[in-house]
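First the structure, in the form of structure tokens, and then the observations on it.
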Amino acid sequence: MFQVIGSPLAKARGQNVTIFYVNRLGYYPWYTSQGVPINGGLPQNISLQVHLEKADQDINYYIPTEDFSGLAVIDWEYWRPQWDRNWNTKDVYRQKSKKLVSDTQGNVSATDIEYLAKVTFEESAKAFMKETIKLGIKSRPKGLWGYYLYPDCHNYNVYAPNYTGSCPEEEVLRNNELSWLWNSSAALYPSIGVRKSFGDSGNILRFSQFRVHESMRVSTMTSHDYALPVFVYTRLGYRDEPLFFLSKQDLISTIGESAALGAAGIVIWGDMNLTSSEGNCTKVKQFVSSDLGSYIVNVTRAAEVCSLHLCRSNGRCIRKTWKDPDYLHLNPESYHIEASEDGEFTVKGKASDTDLTVLAEKFSCHCYQGYKGADCREMKEADGCSGVSPFPGWLITLCLLILAGYQSIQL
Numbered sequence: 004m005f006q007v008i009g010s011p012l013a014k015a016r017g018q019n020v021t022i023f024y025v026n027r028l029g030y031y032p033w034y035t036s037q038g039v040p041i042n043g044g045l046p047q048n049i050s051l052q053v054h055l056e057k058a059d060q061d062i063n064y065y066i067p068t069e070d071f072s073g074l075a076v077i078d079w080e081y082w083r084p085q086w087d088r089n090w091n092t093k094d095v096y097r098q099k100s101k102k103l104v105s106d107t108q109g110n111v112s113a114t115d116i117e118y119l120a121k122v123t124f125e126e127s128a129k130a131f132m133k134e135t136i137k138l139g140i141k142s143r144p145k146g147l148w149g150y151y152l153y154p155d156c157h158n159y160n161v162y163a164p165n166y167t168g169s170c171p172e173e174e175v176l177r178n179n180e181l182s183w184l185w186n187s188s189a190a191l192y193p194s195i196g197v198r199k200s201f202g203d204s205g206n207i208l209r210f211s212q213f214r215v216h217e218s219m220r221v222s223t224m225t226s227h228d229y230a231l232p233v234f235v236y237t238r239l240g241y242r243d244e245p246l247f248f249l250s251k252q253d254l255i256s257t258i259g260e261s262a263a264l265g266a267a268g269i270v271i272w273g274d275m276n277l278t279s280s281e282g283n284c285t286k287v288k289q290f291v292s293s294d295l296g297s298y299i300v301n302v303t304r305a306a307e308v309c310s311l312h313l314c315r316s317n318g319r320c321i322r323k324t325w326k327d328p329d330y331l332h333l334n335p336e337s338y339h340i341e342a343s344e345d346g347e348f349t350v351k352g353k354a355s356d357t358d359l360t361v362l363a364e365k366f367s368c369h370c371y372q373g374y375k376g377a378d379c380r381e382m383k384e385a386d387g388c389s390g391v392s393p394f395p396g397w398l399i400t401l402c403l404l405i406l407a408g409y410q411s412i413q414l
């Protein structure tokens, strides 16, 4: 009923989900926490051509099949391509960039140093990210290539009084400035990992809702004639308490919210703590085989039913009003989910006429590429103007990734 995919080991190849960390794709430049430069430290300090040659080798190694059609996620988090977003620990990239200009330009004013450093860094960072993903798509054109944590909403002020969850206006504008990245991507991979310390579930809902909504907005603002698929990263547990698994309400506020807003899939991420002992592994298995598994099955089947009856399976159901508390859930009076001892789930039942009427009242269709109309029944010209990405799925896919730095254990 849903798919569970373990993440690839450091040397594993041909996985349906391939994650490229800093040491797995070319020569990514970054600084350690001690300020030691790796691969030059800055994107303007590394040969792009040398990087791409190594990246090409890495892609061929980790994704040996040319017709690969899975998720290809580039996880580069040390710096951001926009100067103004490199704050806190990332400020080292601004400081090092300014020092580079100062050392090479001689007698230059502080204002000019700032300007030249910003221009040089942003141009190099843009070329580095754009050409890398361009290479990936050229090498494995069916793969869903994208960068982890892009787009970001930066609505992290969750402890502020009267927190609304909305993305700050300046961050929305900065996302607009990244049109070159969205045009270069085949998928978007935002994150909605939440903390127990966020407080009540209302804050968790608001945090997740606006982040997914911003990603859905960005997915439609490319030069493509379709919306990019959005795969939302979340976790089994809370970021500050990984072994404290999400409550039923918070599953709705994260996974359920993502589905209702039109996400193409879910990537569930976790660290080595989840598999560090037999006891922890047992806890994970129990959660996946109970609350999590049951909820995923509920949402995927509801999404399937909605797509079939409203969109003729040629589109994805999305809320008519994005903030309304309407979810793709099976009506318990019409369906029953049974769990077997081995963790398998079976859905029994059928949607009633009333169920279908309610879906039609609360959801509309976002047609897949090649289809149009309120119910996606009409075929359109190959060069049509809109639609959802070529990603063929119409329900939530669960990818369970248990990671430890660059190592991982396949469940």
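The sequence shown begins at 4 in my numbering and counts up by one.
We put the beta carbon where it would ideally sit given N, CA and C, even for glycine.
Between the stretch 182 to 195 and the stretch 243 to 253, the count of Cβ pairs shorter than 8 Å is below three; the stretches do not touch.
Under DSSP, residue 339 forms a beta bridge with 351. Boundaries of the beta strand (DSSP E) harbouring residue 75: 74 to 77, taken from the DSSP string. Around the beta carbon of residue 319, a 10 Å sphere encloses 16 or more other beta carbons of the protein chains shown; the residue is thus reported as buried.
If you look at residue 156, you'll find it isn't in any alpha helix (DSSP H); DSSP assigns it neither H nor E. Nearest to residue 165 by C-alpha distance, out of 201, 154, 143, 131, is 201. A straight-line Cα-Cα distance of about 12 Å links residue 268 and residue 73. Around the beta-carbon of residue 18, 16 or more other beta-carbon atoms lie within 10 Å, marking it buried. Under the three-pair Cβ rule at 8 Å, the stretch 54 to 74 counts as touching the stretch 142 to 149.
With respect to the 8 Å criterion, residue 257 and residue 249 are classified as neighbours on the basis of their beta carbons. DSSP, read as helix, strand or coil, puts residue 264 in coil. For residue 322, the uninterrupted beta strand (DSSP E) run begins and ends at 318 to 322, by DSSP. Residue 247 carries a strand assignment under DSSP once its states are collapsed to helix, strand and coil.
Per DSSP, residue 148 lies in no alpha helix (DSSP H); the unbroken beta strand (DSSP E) holding it starts and ends at 147 to 150. Annotation for residue 22: the continuous beta strand (DSSP E) segment containing it runs 20 to 23.
Shown here for residue 262: same chain residues with a beta carbon closer than 7 Å to its own, the five before and five after excluded, namely 302, 306, 331, 399 in chain order.
8 Å or more divides the Cβ of residue 311 from the Cβ of residue 363. Straight across, the Cα-Cα distance linking residue 66 with residue 335 is about 42 Å.
In this model, residue 272 and residue 300 are separated by some 18 Å (Cα to Cα). Check the Cα spacing between residue 42 and each of 51, 31, 94: the tightest is with 31. The alpha-carbon of residue 232 is positioned some 12 Å away from that of residue 215. By the Cβ criterion, the stretch 119 to 135 is in contact with the stretch 79 to 90, since at least three pairs of Cβ atoms, one from each stretch, lie closer than 8 Å. Distances from the alpha-carbon of residue 296 to those of 239, 221, 198 put 239 closest.
In the same chain as residue 68, and ignoring 5 residues on each side of it, the C-beta atoms closer than 7 Å to its own belong to 17, in chain order. Annotated three-state conformation of residue 71 is coil, per DSSP. A direct Cα-Cα distance of roughly 35 Å separates residue 129 from residue 324. Segment contact: the stretch 107 to 120 against the stretch 158 to 177, fewer than three CB-CB distances shorter than 8 Å; contact not assigned. Rounded to whole angstroms, residue 60 and residue 380 show a C-alpha spacing of 43 Å.
In this structure, residue 158 lies near residue 213, with their beta-carbon atoms less than 8 Å apart.
In the same chain as residue 259, and ignoring 5 residues on each side of it, the C-beta atoms closer than 8 Å to its own belong to 298, 302, 330, 331, 332, in chain order. According to the DSSP assignment, residue 314 belongs to no beta strand (DSSP E) but to the alpha helix (DSSP H) extending over 294 to 314.
Residues 246, 276, 277 of the same chain have their beta carbon placed closer than 7 Å to that of residue 283, with the five preceding and five following residues left out of the count.
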